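Chemist:
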Amino acid sequence: MLIYNTFSNSKEVFVPINGRNVLMYVCGPTVYDLSHLGHARMGLVFDVIVRYLSYLGYKVNYTRNITDIDGKIVHKAMDLNLTSEQVARFYANAFAKEMLALNTVSPTFEPKATDYLPQMIDFIQSLIDKGYAYVSSTGDVYFNCKQFKEYGKLAKKNLNELLSGARSDQVRSQDELSKYKLSPIDFALWKVCDIHETVWPSPWGMGRPGWNIECSTMIKHVLGETIDIHGGGEDLIFPHHENEIAQSQCLHDKPLANFWVHNNFVNVKSQKMSKSLGNFTTIGDLLANYSSDTIRLFVLQNNYRHPVDFSPEGLKSARLGVGRLIQSLSSLENNIDWPDFLTSHAQQPVYPSLLPDKAKIINFINGFSFNNNDHESFVNEFEEAMNNDFNTAIAISKLFSLSDKIQAESDLKNKQSLAILLKTYAFILGFKLTDQTPKIQANVAHDLVNLVIELRNFSRTSKDFKQSDYIRAKLLELGIEVMDSSKDKTSWKLK
RNA sequence: GGCGGCAUAGCCAAGUGGUAAGGCAGAGGUCUGCAAAACCUUUAUCCCCCAGUUCGAAUCUGGGUGCCGCCUCCA
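Start counting the first sequence at 507; every next residue gets the next number (the numbering used here).
1. Under a Cβ-count criterion, where at least 16 other Cβ atoms within 10 Å of its own Cβ denotes burial, should Thr940 be classed as buried or exposed?
2. Look at the alpha carbon of Leu924 and the alpha carbon of Glu889, and state the distance between them as a whole number of angstroms.
3. Taking 8 Å as the cut-off, does the region 554-568 touch the region 598-609 (at least 3 CB pairs, one atom from each stretch)?
4. Can you tell me the Cα-Cα spacing of Glu616 and Ile572, whole angstroms?
5. Check whether the Cβ atoms of Thr569 and Phe629 lie closer than 8 Å to each other.
6. Cα-Cα, which of Val521, Tyr538, Val532 is closest to Ser782?
7. Take Leu623 and list the residues in its own chain whose beta-carbon comes closer than 6 Å to its own, dropping the five residues that flank it on each side.
8. Check whether the Cβ atoms of Arg595 and Asn769 lie closer than 8 Å to each other.
9. Determine the contact status of Phe1035 and Leu729, defining contact as a CB-CB distance below 8 Å.
10. Cβ atoms of Ile871 and Leu793: under 8 Å apart, would you say?
11. Please check the pair Gln753 and Leu633, which I expect to be a contact at CB under 8 Å, by giving their CB distance rounded to whole angstroms.
12. Quick check on the DSSP output: what are the complete alpha helix (DSSP H) runs of length 4 or more inside the region 809-879, in order along the chain?
13. Where are the alpha helix (DSSP H) runs, 4 residues long or more, that stay fully inside the region 577-610, in chain order?
14. May I have the straight-line CA-CA distance separating Met530 from Ile735, to the nearest angstrom?
15. Ile902 and Leu803 look like a contact to me (Cβ under 8 Å); what is the Cβ gap, rounded to whole Å?
16. From the DSSP secondary-structure annotation, give me the bridge partner or partners of His768.
17. Given a threshold of 16 other Cβ atoms within 10 Å of its Cβ, counted over all protein chains shown, does Tyr976 qualify as buried or as exposed?
18. Helix, strand or coil, according to DSSP, for Tyr568 in the structure here?
19. Hey, quick one: how far does the alpha helix (DSSP H) through Lys655 stretch, first residue to last?
20. Quick check on Asp910: does DSSP put it in helix, strand or coil?
21. Would Ser508 and Asp863 qualify as a contact pair, given that the criterion is a beta-carbon distance under 8 Å?
22. How big is the Cα-Cα spacing for Trp696 and Ser859?
23. In angstroms, rounded to a whole number, what distance separates the CA positions of Thr704 and Pro535?
24. Quick test of your reading: Val554 and Gly737, contact by CB under 8 Å. State the CB separation rounded to the nearest angstrom.
25. Assuming Pro715 is part of the beta strand (DSSP E), what are its boundary residues?
26. Taking only the alpha-carbon atoms, compute the straight-line gap between Arg825 and Val885 and give it to the nearest angstrom.
27. If I'm right that Lys919 touches Ser837 with Cβ under 8 Å, what's the distance once you round it to whole angstroms?
28. What does the Cβ neighbour count give for Asn587, buried or exposed, with the cut at 16 atoms within 10 Å?
29. Contact between the region 814-823 and the region 639-659: three or more CB pairs below 8 Å?
30. In the DSSP assignment, find the unbroken beta strand (DSSP E) run with Met626 in it and report its ends.
31. By the DSSP assignment, the alpha helix (DSSP H) with Lys760 in it spans what residues?
32. I need the straight-line Cα distance from Ser516 to Val767, nearest angstrom please.
Quick look at the structure:
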């Protein structure tokens, strides 16, 4: 299993610290607004990683935080005359619902920053005690970047470049900050502030923790001092993840994470989709128009490390593709005895511990007959693709090849076995492939009955009573009683 | 200005040394009273440009062009 590590900028063989157990932490959303497709991509990418690692037999502890302490949340709350907690809770719930609707695996743990204040304060105090952080004249606590020799290693930046390379149009109130900070690149661990309701007491005064400290602290307390995989969006590499490394490594004298995995953005007309640019499509809007499978295919046909360009055409193309996969499953009988791990993902959250591993999958597949080694070569090719840094695009192309094979297969039993293989491995990538043909709406059904009655009346006027009686009898079987009045008026009711 | 990434058919996209996956669209066909759907077959002599390394390059090296992201504020 090769995974691309941002730290080394190369694919590395994945070996967890502790045997089959994998500790994975992903930076979750800051809950001050609705999520957009960019967040969905993050959710889907790490969802596939959890699913596939579980397939390989790893027990994944998938922890994804909720950032519920943030200036944007405070501002939103003030605008709406709500508390920060109310705002955060609302958007955290919305996010959870959307992630479920996207058929993603729920995190094993989903810690919130507000639940870890004492631990963050301890963390900061320990950094001060070790000489890596200092209290400024204002009471703010800053991390002293110059104390950490490896600062900039993840983002491939060195201190001198950082000090000299700032964009001139970006610098704001540096003069002011320089009064409090030893170096301009030092970042806040604790910010003293007492004007809002969202503040906590600390040895340095009322205030809020800096953004970076929450992840370092929660990783330490939920997962441990060194974890296997740390993930998130590419925009977090610098400064967020760089700062996390600085904090945690200085405190523990060991690496924070062995693998750094970052997904790229969703672009709109070649520009990053983001809340601040206002060019986003919310997950809710998306789900109203496209199935979770469609969104998933759209996202997973791209390499997770490359940008994906959002377009209605792209989603439409994905929808047609999903339709083809579903079509090839039409040869499936309805009475397949699906194991729980393939069916229980309908409404309730699924946790990583419930995901099937390869042994379970193969055991299930082997219950069906294949007349050659098609299934083995499929599994090999699928795994080969996924083992190469989760190459979902190739893995998906194998699903389509399998779909073609199903259509071309004339032997019914074999056809069905291949269909089961398709459905099962699509599940490993998180696809449901359930028939999503829209159900007939009640009003359409009503018009439909009227249409049949109309056709029947054509028969009656041409005195084809054999046909009209047949239609009446058949409608009655469906629970629809037809009543002819003296004139051409015909009415019906549900019996 | 610094650092990083990307550039492959009409569109999306995989592929990091061995002769271009896959999806959508298009073309031809099967089926069909007609149509639609479905299925089958097919679609890049070539991978932004120039030079080089190599028996061999989309893939490596150097140079160029274009696009994107990050760069001490907020997170």
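Beta carbons: idealized from backbone N, C-alpha and C, even for Gly. It should be emphasised that the depicted structure is a prediction, and the values quoted were computed from it without experimental measurement.
Modeler: From the atom records:
1. If you number the first sequence from 1, residue 940 lands on position 434. Answer is exposed; the Cβ neighbour count stays below 16.
2. Locating residue 924 in the first sequence gives position 418, where the first residue counts as 1. Locating residue 889 in the first sequence gives position 383, where the first residue counts as 1. Going by the C-alpha atoms only, they are around 17 Å apart.
3. Using a C-beta cut-off of 8 Å, the region 598-609 makes no contact with the region 554-568, since fewer than three inter-stretch Cβ pairs fall below that distance.
4. Against the first sequence, residue 616 aligns to sequence position 110. Against the first sequence, residue 572 aligns to sequence position 66. Looking at the two C-alpha atoms, the distance is approximately 7 Å.
5. Reading the first sequence from its first residue, position 63 is the one you call residue 569. Reading the first sequence from its first residue, position 123 is the one you call residue 629. Taking 8 Å as the Cβ cut-off, Thr569 and Phe629 do not qualify as a contacting pair.
6. Here the question's residue 782 lines up with position 276 in the first sequence. Of the listed residues, the one whose Cα sits closest to Ser782 is Tyr538.
7. The residue labelled residue 623 in the question sits at position 117 within the first sequence. A distance below 6 Å between beta-carbons, with the five flanking residues on each side excluded, links Leu623 to the following residues of its chain, in chain order: Trp706.
8. For the purposes of this step, residue 595 is taken as residue 89 along the first sequence, with counting starting at 1. For the purposes of this step, residue 769 is taken as residue 263 along the first sequence, with counting starting at 1. Going by C-beta atoms, Arg595 is not nearer than 8 Å to Asn769.
9. Any question about residue 1035 goes unanswered here, given that the chain covers just 507 to 1001.
10. In the first sequence, counting from the first residue as 1, residue 793 sits at position 287. In the first sequence, counting from the first residue as 1, residue 871 sits at position 365. Contact annotation: Leu793 and Ile871 have beta-carbon atoms that are not nearer than 8 Å.
11. Residue 753 sits at position 247 when you count from the first residue of the first sequence. Residue 633 sits at position 127 when you count from the first residue of the first sequence. In this structure, Gln753 and Leu633 form a Cβ contact; the two beta carbons are roughly 7 Å apart against a cut-off of 8 Å.
12. Segments of the alpha helix (DSSP H) lying fully in the region 809-879: 818-833, 846-849, 864-871.
13. Complete alpha helix (DSSP H) runs here, min 4: 577-586, 590-607.
14. By one-based count along the first sequence, residue 530 stands at place 24. By one-based count along the first sequence, residue 735 stands at place 229. Roughly 5 Å between the two C-alpha positions.
15. If you number the first sequence from 1, residue 902 lands on position 396. If you number the first sequence from 1, residue 803 lands on position 297. The C-beta distance from Ile902 to Leu803 rounds to 7 Å, short enough to meet the 8 Å contact threshold.
16. Your numbering for residue 768 matches position 262 in the first sequence. Answer is Gly738, bridged to His768.
17. Counting from one through the first sequence, the residue named residue 976 turns up at place 470. Tyr976 comes out exposed.
18. Counting from 1 along the first sequence, the entry for residue 568 is found at position 62. Secondary structure at Tyr568: strand, using DSSP grouped into helix, strand and coil.
19. On the first sequence, position 149 is the one that residue 655 refers to. DSSP places Lys655 in no alpha helix (DSSP H); its state is neither H nor E.
20. For the purposes of this step, residue 910 is taken as the residue at position 404 of the first sequence. For Asp910, the three-state secondary structure derived from DSSP is helix.
21. Locating residue 508 in the first sequence gives position 2, counting from the first residue. Locating residue 863 in the first sequence gives position 357, counting from the first residue. Per the sequence shown, residue 508 should be read as Leu rather than Ser. The answer is no: Cβ separation not under 8 Å.
22. Your numbering for residue 696 matches position 190 in the first sequence. Your numbering for residue 859 matches position 353 in the first sequence. Trp696 and Ser859: Cα-Cα distance of roughly 36 Å.
23. Sequence index remark: in the first sequence, residue 704 carries index 198 (1-based). Sequence index remark: in the first sequence, residue 535 carries index 29 (1-based). C-alpha separation (whole angstroms): 19 Å.
24. Here residue 554 is taken as the residue at index 48 of the first sequence, counted from 1. Here residue 737 is taken as the residue at index 231 of the first sequence, counted from 1. Their Cβ separation, rounded to whole angstroms, is 12 Å, which puts Val554 and Gly737 out of contact at 8 Å.
25. Here residue 715 is taken as the residue at index 209 of the first sequence, counted from 1. Looking at the DSSP string, the run of the beta strand (DSSP E) that includes Pro715 is 713-715.
26. Taking the first sequence and counting its residues from 1, one reaches residue 825 at position 319. Taking the first sequence and counting its residues from 1, one reaches residue 885 at position 379. Going by C-alpha positions, Arg825 is about 25 Å away from Val885.
27. In the first sequence, residue 919 corresponds to position 413, counting from 1. In the first sequence, residue 837 corresponds to position 331, counting from 1. The Cβ separation is near 10 Å, so there is no contact.
28. For this step, residue 587 is matched to residue 81 along the first sequence. When all chains shown are included, Asn587 counts as exposed.
29. Here the region 814-823 makes no contact with the region 639-659; the two share fewer than three CB pairs at distances below 8 Å.
30. By 1-based counting over the first sequence, the position of residue 626 is 120. Unbroken run through Met626 is the alpha helix (DSSP H), 623-635; no beta strand (DSSP E).
31. In the first sequence, residue 760 corresponds to position 254, counting from 1. Neither: Lys760 is in no alpha helix (DSSP H) and is coded neither H nor E.
32. By 1-based counting over the first sequence, the position of residue 516 is 10. By 1-based counting over the first sequence, the position of residue 767 is 261. Straight-line spacing of the CA atoms in Ser516 and Val767 works out to 11 Å.
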